[in-house]
Amino acid sequence: MMLRASQLASPVLCAITQSLIPTLNLSSSSSLSIFQKPASFASFYKSLNPASNSNSFHIHIISRSFTSPKAASFSSGTEGSSPGGGDREILVQHLLVKEDDLNLLSELQRRVSQGREDLSDLAVEHSICPSKGEGGMLGWVRKGQLVPEFEEVAFTTPLNKVARCKTKFGWHLLQVLSEREASLLQDIQPDELHKKMQDPNFHKEAQLIDVREPEEV
């Protein structure tokens, strides 16, 4: 991604991977969300670099270490420890039905488990969560972002297995599609950023987003 000179002079530029965008859209746009800590894009991004000023700035590069989806598995653990802990992120999708629609949920779970249909297709048709428009995709999440009941099941369910859980919103069917190491934020200076921008691999690791408020442009 190319940056304008005016953007490079901005005191508040952050780098964040594209995969986080649907997750944050859901948490910020709807009251019917399983995310515990809703936040707008601007407030989230700006919180990454609250000490920025007009004379200096930092660019946050998010680097990740991916695991092979076929070899990935989950186990319960404390935050900051191995799989399932705070140093892991999972890619999760779900569908949500009302509390009194347990029979429907059971039927949908059977259809997915038997390989007859994909959870994403069923989410579009049956889910009452706003994420249905994205096939129930919640994006990459880590511990502390989800309501406890959902989080406990999501972080202990084997990869690709369909599981159910109940929250205050109703009954969920969820499926964990992949896992990876949590994001690592690294502060670098502008001259180092210019060097990294010449490396094609840099563009695969991070997307630069201008998070200035309108009055700051």
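Residue numbers (the numbering used here): 12 to 228. Backbone N, C-alpha and C define an ideal beta-carbon position, used for all residues, glycine too.
So, under 8 Å CB-CB, residue i and residue j are touching, yes? Tell me the CB distance rounded to an integer number of Å.
{"i": "Phe147", "j": "Gln104", "result": "A small fix is needed here, since residue 147 is Gly in this sequence, not Phe. Their Cβ separation, rounded to whole angstroms, is 4 Å, which keeps Gly147 and Gln104 in contact under 8 Å."}
{"i": "Gln186", "j": "Val173", "result": "5 Å"}
{"i": "Lys154", "j": "Glu162", "result": "6 Å"}
{"i": "Leu116", "j": "Val108", "result": "5 Å"}
{"i": "Leu188", "j": "Leu102", "result": "5 Å"}
Applying the criterion that 16 or more other CB atoms from any shown protein chain within 10 Å of the CB defines a buried residue, is residue i buried or exposed?
{"i": "Glu190", "result": "buried"}
{"i": "Gly150", "result": "buried"}
{"i": "Leu130", "result": "buried"}
{"i": "His183", "result": "buried"}
{"i": "Arg99", "result": "buried"}
{"i": "Lys143", "result": "buried"}
Per the DSSP calculation, residue i is bridged to which residue(s)?
{"i": "Gly176", "result": "Reading off the sequence shown, one finds Cys at residue 176, where the question assumed Gly. Looking at the DSSP assignment, Cys176 forms a beta bridge with His183."}
{"i": "Met148", "result": "Gln104"}
{"i": "Ser189", "result": "Leu102"}
May I ask you to report which of helix, strand or coil DSSP gives residue i?
{"i": "Ser124", "result": "helix"}
{"i": "Leu233", "result": "Because residue 233 is not part of the residues shown, which for the chain are 12 to 228, the question remains open."}
{"i": "Leu157", "result": "strand"}
{"i": "Leu170", "result": "coil"}
{"i": "Lys230", "result": "Outside the displayed span of the chain (12 to 228) sits residue 230, for which this structure offers no information."}
{"i": "Glu163", "result": "helix"}
{"i": "Ser131", "result": "helix"}
{"i": "Lys109", "result": "coil"}
{"i": "Ser142", "result": "helix"}
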